[in-house]
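Data first, discussion second: the structure below is written as structure tokens.
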Amino acid sequence: MLAAKLPPPIKRLGQHFLIDTNIVRKIVALAELEPGDHVLEIGPGRGILTEALCRAAGRVTAVEVDSRLHAYLESRRTELPNVELVCEDALSYPVESLPVGTVVVANLPYYISTPLLFKLLDQRGRFPRMVLMLQAEVADRLVANPGGSEYGVLSVMAQYAAEITKSFRVSSQCFRPRPEVASAVVLLRKKERTRLSKQEEASFRAIVKAAFAHRRKTLINSLRDEGYELTSLAERLKRLDIDPTRRAETLSVEDFLRLALAHSSHRL
5 MLAAKLPPPI KRLGQHFLID TNIVRKIVAL AELEPGDHVL EIGPGRGILT
55 EALCRAAGRV TAVEVDSRLH AYLESRRTEL PNVELVCEDA LSYPVESLPV
105 GTVVVANLPY YISTPLLFKL LDQRGRFPRM VLMLQAEVAD RLVANPGGSE
155 YGVLSVMAQY AAEITKSFRV SSQCFRPRPE VASAVVLLRK KERTRLSKQE
205 EASFRAIVKA AFAHRRKTLI NSLRDEGYEL TSLAERLKRL DIDPTRRAET
255 LSVEDFLRLA LAHSSHRL
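Just so you know, my numbering puts 240 at position 236 of the sequence shown, and the rest follows in order with no gaps.
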């Protein structure tokens, strides 16, 4: 069966197709795939990475929202014998249905990369590692240290859940059409043990989001504005040796963990 004609990119979907086979090799090597592995690929596009994953792993689930690209990949079935092609929005795809141990390898659609990251991190017990191509700005946020403008909710939540390495940058020349933003590949390995229970983790997430909701405000004012009780808040921060006049971006992941545990135990 002849492959269908290559569909042109759709701008509103932020489609920039990887064309560099050397970058593909580097991504697959970073994923350390075994022949029996199950891989989740999000946004396979025209299939250059999908082909390589198909050769390196036992099974690939490729989720593509664009029905034209899905049809194009379907027309190449003989080249992709162990690939399950799913035509669906990755944000609504039930990743919880995938087997535990699935490895995520993807050139994430940049316009939805942040909500996708949160969705994947929420299911990190299923995914021992993730190799993701992202907008360089998002990669920088993932590995950011406290004190800078890049450090925020994503930095704290991701670093709590995973060990993160920014592995290499990818030139815009490696895509067609060329994106206007820089790209980078990151490796996330889930932490085997995290300190919080599910209930405590919900508290942790809520506090982190509230603390960063008003970045220019002090920590105590931002938390107050997001509905936290002021009466005991200052006292508890003092007990934790966290200055209430600090801003959220100066707190470490450890600081937020202590704050969340205090909230779960005593209700801020």
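Glycine included, every Cβ here is placed at the ideal spot set by N, Cα and C. Since we're looking at a predicted model, the values are computed, not measured.
Rounded Cβ spacing between residue i and residue j (contact assumed at less than 8 Å)
i	j	result
Ala66	Val87	6 Å
Arg63	Leu10	The Cβ separation is near 25 Å, so there is no contact.
Ala210	Leu138	No, Ala210 and Leu138 are not in contact; Cβ-Cβ is about 25 Å, not under 8 Å.
Lys30	Phe172	7 Å
Residue burial classification, residue i (beta-carbon count within 10 angstroms, cutoff 16)
i	result
Thr235	exposed
Val108	buried
Gly152	exposed
Tyr76	buried
Val185	exposed
Arg16	exposed
Ser101	exposed
Ala238	exposed
Pro39	exposed
Leu261	buried
Alpha-carbon to alpha-carbon, residue j and residue i
i	j	result
Arg197	Ala252	25 Å
Met5	Thr169	In this predicted model, Met5 has a pLDDT of only 41, less than 50, meaning its place in the structure is not dependable; the value taken from the coordinates is given anyway. Distance between the alpha carbons of Met5 and Thr169 is about 41 Å.
Pro132	Arg193	6 Å
Ser268	Thr118	27 Å
Asn26	Ala35	14 Å
Ser175	Tyr114	15 Å
Val90	Ile224	46 Å
Arg220	Glu230	14 Å
Thr254	Ala217	14 Å
Leu227	Leu57	45 Å
Thr82	Ala162	38 Å
Leu191	Val135	5 Å
Asn149	Cys178	29 Å
Leu241	Ala264	11 Å
Ser256	Ala140	22 Å
Leu22	Thr222	43 Å
Thr338	Pro181	In the structure as shown, the chain starts at 5 and stops at 272, and residue 338 therefore has no counterpart that could be examined.
Ile52	Leu158	29 Å
Leu272	Arg130	With a pLDDT of 48 at Leu272, under the threshold of 50, the predicted position of this residue should be treated as unreliable, and no value is reported.
Pro85	Lys213	43 Å
Thr106	Arg243	42 Å
Asp259	Asp247	11 Å
Lys202	Pro12	44 Å
Ala60	Arg80	18 Å
Leu200	Val160	14 Å
Leu44	Pro183	24 Å
His274	Glu167	This structure gives no information on residue 274, because the portion of the chain shown stretches from 5 to 272.
Glu154	Ser71	35 Å
Gly37	Ile116	The question names Gly, yet the displayed sequence has Leu at residue 37. For Leu37 and Ile116, the distance between alpha carbons rounds to 26 Å.
Val24	Lys195	A quick correction: the sequence has Asp, not Val, at residue 24. Their backbone Cα atoms lie some 32 Å apart in a straight line.
Contact set for residue i: own chain, Cβ-Cβ below 6 Å, skip 5 residues either direction
i	result
Pro103	His42
Ala165	Leu125 and Arg128
Val99	Gln127
Tyr97	Val67
Cutoff 7 Å; reference residue i; Cβ partners in own chain excluding five residues on either side
i	result
Glu92	Val67 and Val69
Same chain, Cβ closer than 8 Å to residue i, neighbours up to 5 away in sequence not counted
i	result
Leu120	Ile46, Ala94, Leu95, Leu112 and Pro113
Arg250	Thr222 and Leu223
Leu73	Pro11, Pro48, Gly49 and Arg50
Cβ of residue i within 8 Å of any chain D Cβ
i	result
Ala148	Absent here is chain D; the protein component of the structure consists of one chain.
Whether or not the region 137-146 and the region 203-221 are in contact is what I'm after, with contact meaning three or more pairs of Cβ atoms, one per stretch, closer than 8 Å; do they touch? The region 203-221 and the region 137-146 do not touch, with fewer than 3 CB-CB distances between them shorter than 8 Å.
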